[in-house]
Each structure stands twice: as structure tokens, then as C-alpha cells.
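Enquirer: There's a structure below that I have some questions on.
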Amino acid sequence: MTRLPKLVILDRDGVVNHDSDDYIRSVDEWVPIEGSLEAIARLNHAGVLVAVATNQSGIARGYFTIDELNRMHAKFQQALARVGGHIDGIFFCPHAPDDGCSCRKPAPGLLRSISLRFSVALDRVPFIGDTRADVEAARAARAIPMLVRTGKGERTLSQHPEFSVLPVFADLREAVDHILARGVSR
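In terms of our numbering, the sequence shown opens at residue 22 and continues consecutively.
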């Protein structure tokens with residue numbers, strides 16, 4: 022029998038929605054990657070909690086406000102509801118890279134906050150991301166790092182060939198297929 026994780030943590034930009042080197046600054050720019058919302062709904066239907074851990078330094082840089090970020094997340098939740106899914110919690114770091122906070126990935130603060138919120142140890146929790154910071158945050162929090170090739174994933178893999186030993190998937194849909202079929206292991 023497949024042992025599913027109690028929780029799956031996702032990065033947002035590049036994993037769930039299309040990313041931009043110029044930041045996703047508005048509701049109109051938030052566009053889901055094909056199949057990502059349905060993949061999240063499949064996790065929900067399997068009884069797996071789903072949380073998002075996302076760096077949003079565009080707030081500190083003045084590119085958008087927390088109100089605009091909340092509108093993006095409302096659009097995200099509404100789009101998920103249309104396919105029968107939901108996110109159990111969205112955790113974000115609004116700080117700039119040089120602020121020295123403990124929540125900005127690659128620091129493990131966001132993942133640890135999620136662990137506390139849901140009372141789930143992270144050692145059997147996949148964290149699906151597309152960047153070096155995602156992999157390092159997962160490792161620092163003792164979660165299971167997984168990479169997708171969407172977003173900055175291809176660039177990350179070419180710059181860090183050592184990450185090819187990790188579970189690597191074409192996209193979130195393929196990662197969820199793997200988790201639901203095989204569960205997770207260390």
C-alpha cells in the first residue's frame with residue numbers, strides 16, 4: 022500500500038503559476054501553469070494537506086503591495102475551487118534578500134512555520150520547487166526536496182547538476198502523479 026504524505030508544500034511562482042524574472046506583480050499576471058490546479062485538487066481529494074511557501078520580495082522592493090498579493094492569492098483559491106481544490110495555507114516572506122530574515126528561502130523559516138501550523142514533522146513532507154533556494158530550504162528544514170522543470174527549474178538543473186540526484190519532474194502534474202502512485206521516501 023502506498024503511504025501518502027500528510028502534507029505537500031509547494032513553491033508558487035514557477036511551480037503553480039508562470040514565473041517572470043520581472044516578478045508577478047498583479048492579479049492579471051498570475052496565470053496558472055497548465056495542469057497545476059488539477060494536480061493540487063488531486064492531492065486534496067486524496068486527503069493530503071497542501072501549503073504554499075513563497076518568497077515575495079516584490080513587496081519589500083515596492084513592486085506590489087500585500088493587498089495586491091492577497092488579490093493574487095484570492096484568484097488562485099477561486100481558480101482552484103473551480104476544479105474542486107484548495108490550498109490549506111499560503112505562507113510568504115515579504116522581505117528583501119538582504120533583510121536577514123529567517124523566513125526567506127533558502128532559510129527554513131517558512132517551512133518550519135508550516136510544520137508548526139499543521140503539526141506535521143517535515144521528514145516525510147515533499148517540498149516541490151524550481152530553484153536552488155527551494156532545494157536548500159527543503160534540506161535545511163529536513164523536508165524532501167523535489168524539483169520541477171517549469172519556471173526556473175531547467176536553469177536550476179543546468180547550474181546545479183548535483184540536483185539531478187533529486188526527484189525531478191516535468192511539472193507539478195507529474196510530481197503529483199509520482200507522489201500519489203508511490204508515496205514518498207527518504
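Every residue, glycine too, gets a C-beta built ideally from N, C-alpha and C.
From a predicted model like this one, the values you see are computed outputs, not experimental measurements.
Considering I87, what are the terminal residues of the alpha helix (DSSP H) in which it resides?
Expert: The residue labelled residue 87 in the question sits at position 66 within the sequence shown. Element bounds for I87: 87 to 103.
Enquirer: Going by CA-CA distance only, name the one from D155, P147, I111 that's closest to F25.
Expert: The sequence position of residue 25 within the sequence shown is 4, counting from 1. Residue identity check: residue 25 is Leu in the sequence provided, not Phe. Comparing Cα-Cα distances from L25 to each of D155, P147, I111, the minimum goes to P147.
Enquirer: As a quick exercise: from F139, R63, A159, pick the residue whose alpha carbon is nearest that of H199.
Expert: Translated into positions along the sequence shown, residue 199 becomes position 178. Taking only the C-alpha atoms, the option nearest H199 is R63.
Enquirer: Less than 7 Å separating the beta-carbons of I149 and V73?
Expert: Looking up residue 149 in the sequence shown gives position 128. Looking up residue 73 in the sequence shown gives position 52. The answer is no: Cβ separation not under 7 Å.
Enquirer: Just to check my reading of the structure: Q77 and P127 have Cβ atoms closer than 8 Å, yes? What is that Cβ distance to the nearest angstrom?
Expert: Mapped onto the sequence shown, residue 77 falls at position 56. Mapped onto the sequence shown, residue 127 falls at position 106. Going by Cβ atoms, the distance from Q77 to P127 rounds to 15 Å, so no, they are not a contact pair.
Enquirer: For the alpha helix (DSSP H) that F139 lies in, which residues bound it at each end?
Expert: Looking up residue 139 in the sequence shown gives position 118. Taken as a continuous stretch (DSSP letters only), the alpha helix (DSSP H) holding F139 covers 130 to 139.
Enquirer: Measuring straight from C-alpha to C-alpha, what distance separates D34 and P53?
Expert: Mapped onto the sequence shown, residue 34 falls at position 13. Mapped onto the sequence shown, residue 53 falls at position 32. If I take the Cα positions, the gap works out to 9 Å.
Enquirer: Have a look at S179, R176, G79, V141 and flag the residue whose alpha-carbon is nearest the alpha-carbon of A162.
Expert: Position 141 of the sequence shown, counted from the first residue, corresponds to residue 162. Out of S179, R176, G79, V141, V141 has the C-alpha closest to the C-alpha of A162.
Enquirer: Is there a Cβ from chain C that is less than 7 Å from the Cβ of T171?
Expert: The structure shown contains no chain C; it is built from a single protein chain.
Enquirer: According to DSSP, what are the bridge partners of F190?
Expert: What you label residue 190 is simply residue 169 of the sequence shown in a count that begins at 1. Per DSSP, V169.
Enquirer: Would you tell me roughly how many angstroms separate the C-alpha atoms of E89 and Y44, rounded to the nearest one?
Expert: As a working mapping, residue 89 is identified with position 68 in the sequence shown. As a working mapping, residue 44 is identified with position 23 in the sequence shown. The alpha-carbon atoms of E89 and Y44 are separated by roughly 13 Å.
Enquirer: Return the CA-CA distance between R170 and L193, expressed in angstroms with no decimal places.
Expert: If you number the sequence shown from 1, residue 170 lands on position 149. If you number the sequence shown from 1, residue 193 lands on position 172. Distance between the alpha carbons of R170 and L193: 9 Å.
Enquirer: Could you tell me whether the Cβ atoms of C124 and L131 are closer together than 7 Å?
Expert: Residue 124 sits at position 103 when you count from the first residue of the sequence shown. Residue 131 sits at position 110 when you count from the first residue of the sequence shown. Yes. Within cutoff.
Enquirer: How should L137 be labelled, buried or exposed, when 16 other C-beta atoms within 10 angstroms of its C-beta is the threshold for buried?
Expert: The residue given as residue 137 occupies position 116 in the sequence shown. Classification of L137: exposed, given that the 10 Å Cβ count is below 16.
Enquirer: Tell me the residue span of the alpha helix (DSSP H) that contains I61.
Expert: Within the sequence shown, numbered from 1, the residue matching residue 61 stands at position 40. It spans 57 to 66 - the alpha helix (DSSP H) in which I61 sits, taken as one unbroken run.
Enquirer: May I have the straight-line CA-CA distance separating D49 from E195, to the nearest angstrom?
Expert: In the sequence shown, the residue the question calls residue 49 occupies position 28. In the sequence shown, the residue the question calls residue 195 occupies position 174. So the alpha carbons of these two residues sit roughly 26 Å apart.
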